Amino acid sequence: MQRIYLDSNATTPMRPEVVAAMLPVFTEDYGNPSSIHWFGQQAKALLDSARQHVARLIHAETSEIVFVSGGTEADNMAIRGIAESQKARGRHIITSKIEHHAVLHTCKDLEKQGYEVTWLGVSPDGVVNPEDVRRAIRPDTILISIMHANNEIGTIQPIEEIGQIAETADIYFHSDGVQSTGKIPVDVRKLKVDLYSISAHKIHGPKGVGALFVRKGTIVKPQLTGGGHERNRRSGTENVAGIVGFGVAAKMAREGLESEMAHVRALRDRLESQLKEKIDLIHVNAESAARLPNTSNIMVDFAEGEGLVISLDLKGVAVSTGSACSSGSLEPSHVLTAIGKTPDEAHGSLRFSLNAGNTVEEIDYVVEVLPRIVERLRELSPFYKRA
Ligand code: PLP
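Under our numbering, the first residue of the sequence shown carries the number 873, and numbering increases by one thereafter.
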């Protein structure tokens, strides 16, 4: 059966060039970058080169890149690191209700430790209002953490404006850039962020590696102590192969950004317009907001998300839904409820997330099979019949 992967916000396939660059690290360039001998220095040179590529992708300096184990660790390091280094100044954090769980659960954990968190709502289009950020600032605010682009609905947040507000108020500003990096241009200076999280496996790199941009002069309490790697900011022998793969993925993401994302946007727009034509009672979430070019979150009335995902999977198409089945109960997505959807509406959502390897033929296949799937599921819905 033909398999079509449209779940690239979950993870992406590694590019062949990434794999090719990583392989010799396992067998030839296997030194420890902290060793002073030849093997160590070979590995150190590989790290340096990868650091340059990652820095260039987001317009940072190499000394501002800290390699970590992925987006989750980058978010934890930024938030916990600032919370701990600034606790004498205050214990108030501002974030939003649509953050990834890596930010959400970290802030919730800090609440248990005595920090206060302001959870900002978003517009029905899934966008944080910078004025809400300004109004939430208090004398004891130490950190603002607002994601650059949302993983479920793709909305791009006004990071530059929030960055200006944070700078004027002299408050540290972190942004989770895991979904935005490699999909839209990122310039950490223009965005005025102090901390910015990225993850390799979302940009055709390997899993288990990422980076935190830490602006020069920003004091982040290390979360891992040990040998003082990464300029004392994150101890632990570096994942050299992973970082080498990350470097190649970052270089290729930068070089291909414009053309690849134009291709992806055209496919996404084709998918949305054709599905709207062929299926009644469907809505594109956050349609009029600035969105990532690869992401489409579609609500299908009178059909259930898990049923749609499973039926599509049986036809060879991989997508995801806004509801996650956990411990027997269907929890609606916190992002969809934050944009005002009822749990029933949220349960009928489908997320398509594309990458540059997807083709027109794949999109046309989805447009061919989905209407019949929806029809079949709706036949089972007494509410649809009544409507
Ligand atoms: N932040 C966002 C917005 C994400 O989408 C993800 C992954 O889905 C993460 C953080 C976590 O990244 P990682 O899988 O590298 O830990």
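All residues carry an ideal CB built from backbone N, CA and C; glycine is no exception. Owing to the predicted nature of the structure, the values given are computational and were not obtained by experimental measurement.
For residue 1029, count neighbouring C-beta atoms within 10 Å of its own C-beta (all shown protein chains included) and say buried if the count is 16 or more, exposed if not.
-> buried
Roughly how many angstroms lie between the CA atoms of residue 1260 and residue 1186, to the nearest whole one?
-> Since the first and last residues shown for the chain are 873 and 1259, residue 1260 lies out of range.
Jot down the residue ranges of each uninterrupted beta strand (DSSP E) in the stretch 924 to 1007, minimum 3 residues, whole runs only, in chain order.
-> 937 to 940, 964 to 968 and 988 to 992
DSSP three-state call for residue 1094: helix, strand or coil?
-> coil
Coarse secondary structure for residue 1104, derived from DSSP in three states | helix
Spatial distance of residue 1099 from residue 1059 (CA atoms) | 31 Å
For the beta strand (DSSP E) containing residue 1009, list its first residue and its last residue.
-> It is not in any beta strand (DSSP E) - residue 1009 carries neither H nor E in the DSSP assignment.
Can you tell me the Cα-Cα spacing of residue 1199 and residue 1206, whole angstroms?
-> Low local confidence applies: a pLDDT of 45 at residue 1199 is under 50, so the model's placement there is unreliable, with the coordinate-based value given in what follows. Straight-line Cα distance between these residues: approximately 17 Å.
Selection from 1093, 1184, 927 and 1114 that minimises the alpha carbon distance to residue 1104 | 1093
Which partner residues of residue 1022 appear in the DSSP bridge assignment?
-> Residue 1022 is not bridged to any residue.
Measure the C-alpha to C-alpha separation of residue 1084 and residue 984 and round it to an integer number of angstroms.
-> 25 Å
Would you call residue 1141 buried or exposed, if buried means 16 or more other Cβ atoms sit within 10 Å of its Cβ?
-> exposed
Ignore the nearest five residues each way along the sequence and tell me which others in residue 952's own chain have a CB closer than 8 Å to its CB.
-> 978, 982, 1093 and 1095
Between the CA atoms of residue 1034 and residue 966 - distance to the nearest angstrom | 11 Å
Going straight from the alpha carbon of residue 987 to that of residue 1149, what length do you get?
-> 49 Å
Does DSSP classify residue 1174 as helix, strand or coil?
-> coil
Would you report the Cα separation of residue 1177 and residue 1219, rounded to the nearest angstrom?
-> 5 Å
Are residue 1242 and residue 1221 touching if we call contact CB-CB under 8 Å?
-> no
CB-CB under 6 Å to residue 1139, same chain, minus the five flanking residues each way: which ones, in chain order?
-> 1226, 1230 and 1235
Would you say the beta carbon of residue 942 comes nearer than 7 Å to a heavy atom of ligand 1?
-> yes
Could you spell out the range, first to last residue, of the alpha helix (DSSP H) harbouring residue 1083?
-> It is not in any alpha helix (DSSP H) - residue 1083 instead sits in the beta strand (DSSP E) that spans 1082 to 1086.
Range of the contiguous beta strand (DSSP E) that encloses residue 1131 = Element bounds for residue 1131: not the beta strand (DSSP E) but the alpha helix (DSSP H), 1112 to 1150.
Taking C-beta to C-beta, are residue 883 and residue 1073 nearer than 8 Å?
-> yes
Does the stretch 1039 to 1047 come close enough to the stretch 923 to 937 to have 3 or more Cβ pairs within less than 8 Å?
-> no
CA-CA distance, residue 1157 and residue 1088?
-> 38 Å
Spatial neighbours of residue 1109 in its chain, beta-carbon cut-off 8 Å, leaving aside the 5 residues before and after = 904, 905, 906, 1099 and 1101
Any idea what DSSP makes of residue 902, helix, strand or coil?
-> coil
Figure out for me which residue from 1065, 1136 and 1027 has the closest Cα to the Cα of residue 972.
-> 1027
Give the DSSP bridge partners of residue 1028, in chain order.
-> 1021
When the Cα atoms are used, what is the spatial distance from residue 1171 to residue 891?
-> 37 Å
Return the first residue and the last residue of the alpha helix (DSSP H) that residue 1219 is part of.
-> 1215 to 1219
In three-state DSSP terms, what is residue 1252?
-> coil
Cα separation between residue 1123 and residue 1068?
-> 18 Å
Would the C-beta of residue 1073 count as close to ligand 1, meaning under 7 Å from any of its heavy atoms?
-> yes
Comparing the CB of residue 981 with every heavy atom of ligand 1, is any distance shorter than 7 Å?
-> no
May I ask you to report which of helix, strand or coil DSSP gives residue 1258?
-> helix
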